[in-house]
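Per the working numbering, the sequence shown starts with residue 16, numbered consecutively. For every residue, glycine included, the Cβ atom is placed at its ideal position computed from N, Cα and C. No experiment lies behind these values; they were computed from the predicted model shown.
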Amino acid sequence: MRILLICVGMTALSLWLMGQVGGNENEGRIIVNPAEAKWEASKGKSESTTLREDPKTGAVELFARYPAGHVFAPHWHDSNERVLLIEGRIMMEEKDSKKFLESGGYAYLPAHRVESMTCVSETRCAFYVYWDGPAR
């Protein structure tokens, strides 16, 4: 049941986001399952696969996977970021506040605010991420 709710939530979020990034009706639909995705390895054993990019706005959607214990150095983006955690558990820190994102959880991270995150689960952390502009 939990997996079904996560899938339904991801589908609804993706459909809503596609409307937000200026998709047009002539664009073909995109269906990507994590098991079938073309994952690209990055340093530190992380992987990602780009799902969609909007050439007009620079918005980007992707799947990402990071190993258990991975620490994301403090950073910020020029665009708002939305994260839907698929697998694992992430601790998110901002100033003196620590919050946990659980599997199936959602986070909205405003542009230009420093964020620190750590994959605190015993398994990897996998998530869908969307930036509403260039992901710098």
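- Query: Can you pull the DSSP bridge partners for Lys113?
  - Reply: In the sequence shown, residue 113 corresponds to position 98, counting from 1. Glu108, per the DSSP bridge assignment.
- Item | Distance CB(Glu102)-CB(Ala141) smaller than 8 Å | The count along the sequence shown starts at 1 and reaches residue 102 at position 87. The count along the sequence shown starts at 1 and reaches residue 141 at position 126. Yes, these two residues count as a Cβ contact at 8 Å.
- Are there 16 or more other CB atoms within 10 angstroms of the CB of Ala126, so buried, or fewer, so exposed? Your numbering for residue 126 matches position 111 in the sequence shown. Classification for Ala126: exposed.
- Query: Got a sec, what are the start and stop residues for the beta strand (DSSP E) His90 sits in?
  - Reply: Looking up residue 90 in the sequence shown gives position 75. Element bounds for His90: Val86 to His90.
- Figure out for me which residue from Gly148, Leu100, Ser94 and Ser136 has the closest Cα to the Cα of Val129. Stepping through the sequence shown from its first residue, residue 129 is reached at position 114. Of all alpha-carbon atoms in Gly148, Leu100, Ser94 and Ser136, the one lying nearest the alpha-carbon of Val129 is that of Ser94.
- Message: Just to confirm my understanding: we take Lys114, look at its own chain, exclude 5 residues before and 5 after, and list those with CB closer than 7 Å. What are they?
- Response: Position 99 of the sequence shown, counting from 1, holds the residue named residue 114. These residues qualify, in order along the chain: Met107.
- Taking DSSP as the reference, what is the three-state secondary structure of Glu137? Locating residue 137 in the sequence shown gives position 122, counting from the first residue. Coil, per DSSP.
- In the DSSP assignment, what are the bridge partners of Val144? The residue labelled residue 144 in the question sits at position 129 within the sequence shown. According to DSSP, which records beta bridges pairwise, Val144 is partnered with Leu77 and Val98.
- Val86, buried or exposed, once every other Cβ within 10 Å from all chains shown has been counted against 16: Your numbering for residue 86 matches position 71 in the sequence shown. Label assigned to Val86: exposed.
- Message: Can you give me the C-alpha to C-alpha distance between Glu2 and Val98, rounded to a whole angstrom?
- Response: The displayed coordinates of the chain run from 16 to 151. Any statement about residue 2 would go beyond what the structure contains.
- Query: If we ignore side chains and look at the alpha-carbon of each, how far apart do Pro49 and Gly119 end up?
  - Reply: If you number the sequence shown from 1, residue 49 lands on position 34. If you number the sequence shown from 1, residue 119 lands on position 104. Just so you know, the alpha carbons of Pro49 and Gly119 end up roughly 15 Å apart.
- Nearest-angstrom Cα distance between Gly84 and Val135? Residue 84 sits at position 69 when you count from the first residue of the sequence shown. Residue 135 sits at position 120 when you count from the first residue of the sequence shown. About 6 Å.
- Looking at C-alpha atoms only, which residue of Asp69, Trp54, Tyr123 and Gly73 is the closest neighbour of Tyr81? Locating residue 81 in the sequence shown gives position 66, counting from the first residue. Here the closest residue by C-alpha is Trp54.
- Item | Option in Glu68, Arg104, Met132 and Lys60 with minimal Cα separation from Ser112 | Translated into the one-based positions of the sequence shown, residue 112 becomes position 97. With respect to the C-alpha of Ser112, the residue from Glu68, Arg104, Met132 and Lys60 having the closest C-alpha is Met132.
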